[in-house]
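Read the structure below first, then the notes.
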């Protein structure tokens, strides 16, 4: 069996792809660094394209948890304040 590329797939679509191929899997929600939308596959422990024995291997699928956009917002806000301060200094 060859591992399909499911990175970025919604959890439901990933399940469908794995079930159709008879791949055993275990899903776990992990902290979201903002790279993927909440509920999408962020990582698998078997790399896409890798051949493996589907009957003997359980693939770990890591699902992105809730995004914390406050970090992104506060970073952007800090940068704007820094830019404003620089123009006043000139």
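Residue numbers (the working numbering): 44 to 133.
Where a beta carbon is used, it is the ideal one built from N, C-alpha and C, also for glycine.
What residues match up with residue i in a beta bridge as DSSP calls it?
i           : result
residue 105 : 71 and 86
residue 94  : 45
Which same chain residues, not among the five before or five after residue i, have their C-beta less than 7 Å away from its C-beta?
i          : result
residue 51 : 79, 83 and 84
For the alpha helix (DSSP H) that contains residue i, what are its first and last residues?
i          : result
residue 64 : 54 to 64
Among residues of its own chain, excluding the 5 on either side of residue i, which ones have a beta-carbon nearer than 6 Å to its beta-carbon?
i           : result
residue 67  : 101
residue 105 : 71, 73, 85 and 86
Looking only at C-alpha atoms, which of the options sits nearest to residue i?
i           : options            : result
residue 97  : 106, 77, 63 and 72 : 63
residue 111 : 92, 77, 86 and 70  : 77
Give me, in chain order, the residues of the same chain whose beta-carbon lies closer than 8 Å to that of residue i; leave out the 5 immediate sequence neighbours on both sides.
i          : result
residue 90 : 46
Sorry if obvious, but does the Cβ on residue i come closer than 7 Å to a heavy atom of the ligand COA?
i          : result
residue 45 : This structure lacks the ligand COA; in fact it carries no ligand of any kind.
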